[in-house]
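Residue numbers (this note's numbering), protein chains in the order written: chain A, -4 to 252; chain B, -4 to 252.
A virtual CB, placed ideally from N, CA and C, is assigned to each residue, including glycine.
Each remark here refers to the structure printed beneath this line.
2 protein chains.
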Amino acid sequence: MAGTNPQRDAVLGGPAIILIEPQLGENIGTCARAMLNCGLTDLRLVRPRDGWPSGSAKASASGADLVLDNARLFDRTEDAIADLSHVFATTARNRGMIKRIMTPREAASEMRAQSSAGLATGVLFGPERTGLFNDDLALADTSLTVPLNPAFSSLNLAQAVLIIGYEWYQTGEVAPGRYLHTGATRPANKEELVNLFSHLEDELENSRFFSSPEKKPSMIRSIRNCFQRMDMTEQEVRTFHGIISALTGRKRSAAKE
Amino acid sequence: MAGTNPQRDAVLGGPAIILIEPQLGENIGTCARAMLNCGLTDLRLVRPRDGWPSGSAKASASGADLVLDNARLFDRTEDAIADLSHVFATTARNRGMIKRIMTPREAASEMRAQSSAGLATGVLFGPERTGLFNDDLALADTSLTVPLNPAFSSLNLAQAVLIIGYEWYQTGEVAPGRYLHTGATRPANKEELVNLFSHLEDELENSRFFSSPEKKPSMIRSIRNCFQRMDMTEQEVRTFHGIISALTGRKRSAAKE
Chain A
-4 MAGTNPQRDA VLGGPAIILI EPQLGENIGT CARAMLNCGL TDLRLVRPRD GWPSGSAKAS
56 ASGADLVLDN ARLFDRTEDA IADLSHVFAT TARNRGMIKR IMTPREAASE MRAQSSAGLA
116 TGVLFGPERT GLFNDDLALA DTSLTVPLNP AFSSLNLAQA VLIIGYEWYQ TGEVAPGRYL
176 HTGATRPANK EELVNLFSHL EDELENSRFF SSPEKKPSMI RSIRNCFQRM DMTEQEVRTF
236 HGIISALTGR KRSAAKE
Chain B
-4 MAGTNPQRDA VLGGPAIILI EPQLGENIGT CARAMLNCGL TDLRLVRPRD GWPSGSAKAS
56 ASGADLVLDN ARLFDRTEDA IADLSHVFAT TARNRGMIKR IMTPREAASE MRAQSSAGLA
116 TGVLFGPERT GLFNDDLALA DTSLTVPLNP AFSSLNLAQA VLIIGYEWYQ TGEVAPGRYL
176 HTGATRPANK EELVNLFSHL EDELENSRFF SSPEKKPSMI RSIRNCFQRM DMTEQEVRTF
236 HGIISALTGR KRSAAKE
């Protein structure tokens, strides 16, 4: 895409994703896709089993070619992490090492803080079958453990990358957690809403809906509360006027016949 | 599995994962794996393209057989969500519908709150190629949009399930922060809501409310979306049946006079 500048993304400071001895090109491709989903573009490969570049990686990247094209190849993990200030290692199991352990969420805050200070970070992922080697783990500052069902916690490579990247992306997200999409219309104001209430309540009165005068106020409050929760748009208020007119209108023409 | 009781799982409160017309068995399998990673076991399939059960689903589930074995098959989305109190829909694009939108993180808190109140929730996922149909989207209370790189936001099915499930799992120890106080009644389930829709839509048809056959489906979706946002209780659904009957009923007696 014309608007996507990988250099700029890298400067913005997403962590490098470092795959140690990935076995399948397909997994490298799906990792690249997950990275780009999260705005990450710095992919580093240490001794990929089937060589590099990889046609199967490209085939499975679903268009995340810029990540693959910019990927860098290394023989040694030490070289792959040489420019990084803080390295995280993903591990499913505790290896009996004495090491800081963080969740991806905590780590993402840490990565963002480092990035704000102009420092580069990275995350090590081990081979699909075995996970990280202890020697590579010993090169990391912090272990990452994803809180998941302890009875079934194994993620595939791309999914592990996605969780890390997703948490990273959320730390930069300024959008509100929830909002109402209203399209081309606008939220109704209270005058419009009260007019709708009056229309409905008049027609309900005419229809002898209210079983007793004592209960009428509380019934009206209940109905109004329902409509309040609807967060109606101006357009929808008009639709509901139309609904009430339609439901009651036929009876008028019927009565006139 | 002998020890797994789907009813009990629903009460334990993980959201149901509802796949509408999934195309590839392999994707159903990887979704099952992602679900079990996050402690989710209630999988519901609506019209899977290649039938059910599926050998390719099993082959790609990496051992999440209990999810596949307990999966339930439905012909209609309405039936798949009948017992649920709140339904989320995953959409990459905005469809011009007026609907609450939440992030997975916000939604996970909402799911946890509902679960703590003994209510079942679910998440709809559309076919791989097209995403959700508008009519299915109109059955949902809330749209879910994952905050991701806007230039490259498309996730595969299992990754979308993983993000939702992961966020659900992270809420595990957190007390509910918000919920709708419903007093002595309970939230309406989807079957009750769909019955209300049918009642209203039948009467609107009788009243010649729908100006043209072409516009009718989108008008119905708009009205359904309004009611979805109401978060109705079972009591309120009955009140609205009464409102519709009152508004249309007088016309019948008037016509008889």
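- Linking tryptophan 163 of chain B to cysteine 33 of chain B through their CA atoms gives a straight-line distance of about 8 Å.
- Closer than 8 Å to the CB of serine 51 of chain A there is not a single CB belonging to chain B.
- In terms of CA proximity to proline 142 of chain A, A:Ile159 leads the group A:Ala153, A:Gly126, A:Ile159, A:Leu134.
- Judged by beta-carbon spacing, aspartate 136 of chain A lies within the 8 Å limit of valine 82 of chain A, meaning their Cβ atoms are closer than that value.
- Residue B:Gly121 holds the alpha-carbon nearest to the alpha-carbon of serine 149 of chain B among B:Gln165, B:Lys185, B:Gly121, B:Asn129.
- In this structure, the beta-carbon distance from leucine 157 of chain A to glutamate 123 of chain A does not fall below 8 Å.
- Burial check for asparagine 184 of chain A: the Cβ neighbour count within 10 Å stays below 16, so the residue is exposed.
- Between serine 206 of chain B and glycine 244 of chain A, the C-beta gap is not smaller than 8 Å, which leaves the two residues out of contact.
- For glycine 237 of chain B, at least one C-beta of chain A is nearer than 8 Å to its own C-beta.
- For leucine 188 of chain A and histidine 236 of chain B, the gap between their C-alpha atoms comes out near 21 Å.
- Secondary structure of alanine 133 of chain B (DSSP, three-state): coil.
- One alpha carbon belongs to glutamate 21 of chain A, the other to serine 104 of chain B, and they sit about 35 Å apart.
- For serine 213 of chain B, the number of other beta carbons within 10 angstroms of its own is below 16, and it is reported as exposed.
- At a cut-off of 8 Å, the C-beta of glutamine 154 of chain B has a neighbouring C-beta in chain A.
- Among the residues facing chain B, histidine 176 of chain A is included, as its CB has a counterpart in that chain under 8 Å away.
- Unbroken alpha helix (DSSP H) runs of no fewer than 4 residues, entirely contained in the stretch 2 to 74 of chain B, are found at 20 to 32, 50 to 55, 60 to 64, following chain order.
- The criterion of a C-beta distance shorter than 8 Å is not satisfied by alanine 66 of chain A and arginine 28 of chain A.
- Your pair threonine 86 of chain A and threonine 140 of chain A checks out as a contact, with CB atoms roughly 7 Å apart and the cut at 8 Å.
- In the structure shown, alanine 155 of chain B falls within a helical segment according to DSSP collapsed to helix, strand and coil.
- Not a single C-beta of chain A is nearer than 8 Å to the C-beta of alanine 27 of chain B.
- The Cβ atoms of phenylalanine 204 of chain A and isoleucine 238 of chain B sit closer than 8 Å to each other.
- By DSSP's assignment, alanine 102 of chain A forms no beta bridge with any residue.
- One Cα belongs to leucine 68 of chain A, the other to leucine 40 of chain A, and the distance between them is close to 5 Å.
- DSSP places phenylalanine 222 of chain A in the helix class (H, G or I) of the three-state scheme.
- The beta carbon of glycine 20 of chain B does not come within 8 Å of any beta carbon belonging to chain A, so the residue lies off that interface.
- At a C-beta separation below 9 Å, proline 142 of chain A has these neighbours in chain B: Tyr161, Tyr164, Gln165, Gly167.
- In this structure, the alpha-carbon of arginine 219 of chain A lies about 25 Å from that of alanine 179 of chain A.
- Nearest CB-CB separation between glycine 244 of chain A and chain B: below the 8 Å threshold.
- In the DSSP assignment, the residues bridged to serine 138 of chain B are B:Ala84, B:Ile96.
- The beta carbon of leucine 31 of chain B sits closer than 6 Å to the beta carbons of Ala59, Val62 from its chain, once the five residues preceding and following it are set aside; these are given in chain order.
- When 9 Å is used as the limit between beta carbons, phenylalanine 128 of chain B is near no residue of chain A, the shortest such separation being about 18 Å.
- Per DSSP, the beta bridge partners of threonine 228 of chain B are B:Pro182.
- Interface with chain A (8 Å Cβ-Cβ cutoff): serine 213 of chain B is excluded.
- The shortest CA-to-CA distance from histidine 176 of chain A to any of B:Thr98, B:Tyr161, B:Glu231 is the one to B:Thr98.
- Counting only Cβ-Cβ distances below 7 Å, alanine 241 of chain B has contacts in chain A at Leu199, Ser202, Phe204, in chain order.
- One Cα belongs to glutamine 109 of chain A, the other to alanine 155 of chain A, and the distance between them is close to 21 Å.
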